[in-house]
Amino acid sequence: MRVVPDDRSTPPIVLRYLLPHEHLAITVRFHPALFIPPVVTALGALSLAIAVSTVLRGAAVVVAWLITLVIVGNLLYTAVDWLSRQLVVTSHRIFLVSGAGITLEMQLADVKDVRLIRSIGGRLFGYGTLIFDEERLVVDSIPYPEQLYLEILGMVYKDPEANHDD
Amino acid sequence: MIVSDYNSNTALAILRSAGYVNTLLGSIIPLVSILMPWIALLLLYLNQVVASLLAFAAALLISPASLTWKAFLSLAQHDLQAAHGGGWDVLSFVLAAIAAILLLFELIGFGIRTSALSVGLAATVAIVPIMFRLYPLPASDVFYTNLLTQPWLPAETITLTTHQSMTGYVLETDQDWTEVLLAEDRTVVQYHTSQVSSRVMCQIAVVASQRPLFPLINTQSELPLCVLPPPAQGSGGAVHPRQVTGMPPCQTAGRRCE
Numbered sequence: 007m008r009v010v011p012d013d014r015s016t017p018p019i020v021l022r023y024l025l026p027h028e029h030l031a032i033t034v035r036f037h038p039a040l041f042i043p044p045v046v047t048a049l050g051a052l053s054l055a056i057a058v059s060t061v062l063r064g065a066a067v068v069v070a071w072l073i074t075l076v077i078v079g080n081l082l083y084t085a086v087d088w089l090s091r092q093l094v095v096t097s098h099r100i101f102l103v104s105g106a107g108i109t110l111e112m113q114l115a116d117v118k119d120v121r122l123i124r125s126i127g128g129r130l131f132g133y134g135t136l137i138f139d140e141e142r143l144v145v146d147s148i149p150y151p152e153q154l155y156l157e158i159l160g161m162v163y164k165d166p167e168a169n170h171d172d
Numbered sequence: 002m003i004v005s006d007y008n009s010n011t012a013l014a015i016l017r018s019a020g021y022v023n024t025l026l027g028s029i030i031p032l033v034s035i036l037m038p039w040i041a042l043l044l045l046y047l048n049q050v051v052a053s054l055l056a057f058a059a060a061l062l063i064s065p066a067s068l069t070w071k072a073f074l075s076l077a078q079h080d081l082q083a084a085h086g087g088g089w090d091v092l093s094f095v096l097a098a099i100a101a102i103l104l105l106f107e108l109i110g111f112g113i114r115t116s117a118l119s120v121g122l123a124a125t126v127a128i129v130p131i132m133f134r135l136y137p138l139p140a141s142d143v144f145y146t147n148l149l150t151q152p153w154l155p156a157e158t159i160t161l162t163t164h165q166s167m168t169g170y171v172l173e174t175d176q177d178w179t180e181v182l183l184a185e186d187r188t189v190v191q192y193h194t195s196q197v198s199s200r201v202m203c204q205i206a207v208v209a210s211q212r213p214l215f216p217l218i219n220t221q222s223e224l225p226l227c228v229l230p231p232p233a234q235g236s237g238g239a240v241h242p243r244q245v246t247g248m249p250p251c252q253t254a255g256r257r258c259e
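One line per chain: the protein sequences are A and B, in this order. Under our numbering, residues 7 to 172 are what the first sequence spells out, in order. Under our numbering, residues 2 to 259 are what the second sequence spells out, in order.
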């Protein structure tokens, strides 16, 4: 499966960082399995806050709910961050973009090797870790890892006989 | 300064007698046990799960708690009996069950470290109110004021040859003079060492009640409570000490003058 969006589906945040002569090849959000830890924490905190509210009274309950609010806030932050973070592969470079800007970048021409690692969790939920050039760039929680791996590998090791107009 | 009751003369006298390093260490070490529960909480929020667990364990063993373990259990039982669920407990249980199922996935997918952090962070919702009960906030409770005003030296009941006894902290002693920080008024006085007939370690009553939740050694039953306040001085036959702080020097008989 090719994950090559057209310009209409490309997020504006990605378009903001593209050079005029650069062609967008891949843009993908991180795997939603990233939500599992903050969701577990938030649900656990909510459960305990309700339990504490039925047992204790006064300042202790206020403190318990304040902490829960912070934990739920962290979940919301994770959601907002997930929406804005993208792995972008163009004809010239690979970079991670988020609301804060480009956080990691590597020239495609500099990539000598690409490795794909799939942990137990990755195999369970369907994500993987791409490692470029001996951990010079490590991108975790990539969805469709095999497809993306092959796609990127195909761009790094171009077929010399291929037509460049494709 | 806290130990000297904010009297700079007494503070300087303690510093001179006990030495800079001892004073510095003596001031810092009690703070470690007081702040340990909050350090543990901070470590947890900084993703240092193992360090946080060790700090919590240390806090249970060394940090002075406002309740004993038995009193705490009794209070918890009372609170549980007085619980007012009203249907909320069902919601709490459902949320906990969903969290437990997701935690299982997290454990398989992300490993024990991430899972432990999730559990730890969620648990702080219950831990912090309990901590407030056991370890009141240092800035807002007299619990720590009593503790911090106690010097790092052991309290002693000092009896003189005239059967006069007082509670204090021996800052320095040599063959000629014994320098004592009196517990009651926090003045530093010197006695002729030959006039000190006995020194018995004791515990100040207010500090004796502030013990860790799980004290490893039960010294409470071994040490007697200190005698407070000391008997009035200046009566016939009483030994007059040299008062180093709190009054002009060299005005009382039997003192060393410099």
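Note that beta-carbon positions come from the ideal geometry of N, C-alpha and C, so glycine has one too.
Measure the CB-CB distance between residue i and residue j and report whether it falls below 8 Å.
i                : j                : result
Ser53 (chain A)  : Ala100 (chain B) : yes
Ala39 (chain A)  : Tyr150 (chain A) : no
Met112 (chain A) : Arg124 (chain A) : no
Glu28 (chain A)  : Thr74 (chain A)  : no
Val120 (chain A) : Ile32 (chain A)  : no
Leu82 (chain A)  : Gly110 (chain B) : no
Ala66 (chain A)  : Val58 (chain A)  : yes
Val46 (chain A)  : Glu107 (chain B) : yes
Pro1 (chain B)   : Leu72 (chain A)  : Outside the shown range of chain B (2 to 259) lies residue 1 (chain B), about which nothing can therefore be said.
Thr11 (chain B)  : Val189 (chain B) : yes
Trp178 (chain B) : Pro31 (chain B)  : no
Ser90 (chain A)  : Gly107 (chain A) : no
Thr150 (chain B) : Cys203 (chain B) : no
Phe73 (chain B)  : Leu135 (chain B) : yes
Gly121 (chain B) : Val50 (chain B)  : yes
Thr162 (chain B) : Ser198 (chain B) : yes
Leu44 (chain B)  : Pro213 (chain B) : no
Ser28 (chain B)  : Ile56 (chain A)  : no
Asn48 (chain B)  : Leu118 (chain B) : yes
Leu172 (chain B) : Ile15 (chain B)  : yes
Leu68 (chain B)  : Leu76 (chain B)  : yes
Thr16 (chain A)  : Trp89 (chain B)  : no
Identify every residue that forms a DSSP beta bridge with residue i.
i                : result
Ile99 (chain B)  : According to DSSP, which records beta bridges pairwise, Ile99 (chain B) is partnered with nothing at all.
Ser166 (chain B) : B:Thr160
Ser59 (chain A)  : In the DSSP output, where bridge partners are listed per residue, Ser59 (chain A) has none listed.
Ser119 (chain B) : Answer is none; Ser119 (chain B) lacks a bridge partner.
Gly134 (chain A) : A:Ile148
Met202 (chain B) : B:Glu157
Which word fits residue i, buried or exposed, when buried means at least 16 other C-beta atoms lie within 10 angstroms of its C-beta?
i                : result
Phe215 (chain B) : exposed
Ile42 (chain A)  : buried
Tyr170 (chain B) : buried
Arg114 (chain B) : exposed
Val144 (chain A) : exposed
Ser147 (chain A) : buried
Glu157 (chain A) : buried
His37 (chain A)  : buried
Glu180 (chain B) : buried
Gly237 (chain B) : Bear in mind that a pLDDT of 42 at Gly237 (chain B), under 50, signals an unreliable position, so the model cannot answer this.
Pro232 (chain B) : Residue placement at Pro232 (chain B) is poorly supported in this model, since its pLDDT is 47, which falls under 50; the coordinates still yield a value, given next. Exposed is the call here.
Pro225 (chain B) : exposed
Ile102 (chain B) : exposed
Could you give the C-beta distance for residue i and residue j, rounded to a whole number, given that I count them as a contact under 8 Å?
i                : j                : result
Thr84 (chain A)  : Pro44 (chain A)  : 5 Å
Val162 (chain A) : Val117 (chain A) : 5 Å
Ser34 (chain B)  : Ser64 (chain B)  : 5 Å
Arg187 (chain B) : Ile159 (chain B) : Arg187 (chain B) to Ile159 (chain B), Cβ: 15 Å. No contact.
Phe156 (chain B) : Cys227 (chain B) : Checking the sequence, you will find Ala at residue 156 (chain B) rather than Phe. Sure, about 5 Å apart at Cβ, within 8 Å.
Arg6 (chain A)   : Trp88 (chain A)  : One cannot answer for residue 6 (chain A) here, as it falls past the ends of chain A, which runs 7 to 172.
Leu114 (chain A) : Leu136 (chain A) : About 13 Å separates the two Cβ atoms, so there is no contact after all.
Phe133 (chain B) : Val69 (chain A)  : 7 Å
Gln165 (chain B) : Thr194 (chain B) : With a Cβ gap of about 15 Å, Gln165 (chain B) and Thr194 (chain B) do not count as contacting.
Looking at chain D, is there any beta carbon in it that lies within less than 8 Å of the beta carbon of residue i?
i               : result
Ala12 (chain B) : Judged by its chain identifiers, the structure shown contains no chain D, and its protein chains are A and B.
**Asked** Listed from N- to C-terminal order along the chain, which residues in the segment 83-104 of chain B have their beta-carbon within a distance smaller than 9 Å of any beta-carbon of chain A?
**Response** Ala83, Ala84, His85, Gly86, Gly87, Trp89, Asp90, Leu92, Ser93, Phe94, Val95, Leu96, Ala97, Ala98, Ile99, Ala100, Ala101, Leu103 and Leu104
**Asked** What residues in the segment 49-64 of chain A bring their beta carbon closer than 8 Å to a beta carbon of chain B?
**Response** Leu49, Gly50, Ala51, Leu52, Ser53, Leu54, Ala55, Ile56, Ala57, Val58, Ser59, Thr60, Val61 and Leu62
**Message:** Against chain B, which members of the segment 114-136 of chain A pass a CB distance test of less than 7 Å?
**Reply:** Ile126, Gly127, Leu130 and Phe131
**Asked** What are the residues of the segment 37-61 of chain B that lie near chain A, defined by any Cβ-Cβ distance shorter than 8 Å?
**Response** none
**Asked** Of all the residues that make up the segment 117-129 of chain B, which are near chain A by a beta-carbon distance shorter than 8 Å?
**Response** Leu118, Ser119, Val120, Leu122, Ala123, Ala124, Thr125, Val126, Ala127 and Val129
**Message:** Counting only Cβ-Cβ distances shorter than 9 Å, please list the residues of the segment 147-161 of chain A near chain B, keeping chain order.
**Reply:** none
**Request:** Could you list the residues in the segment 13-33 of chain A with a C-beta less than 8 Å from some C-beta on chain B, going in chain order?
**Result:** none
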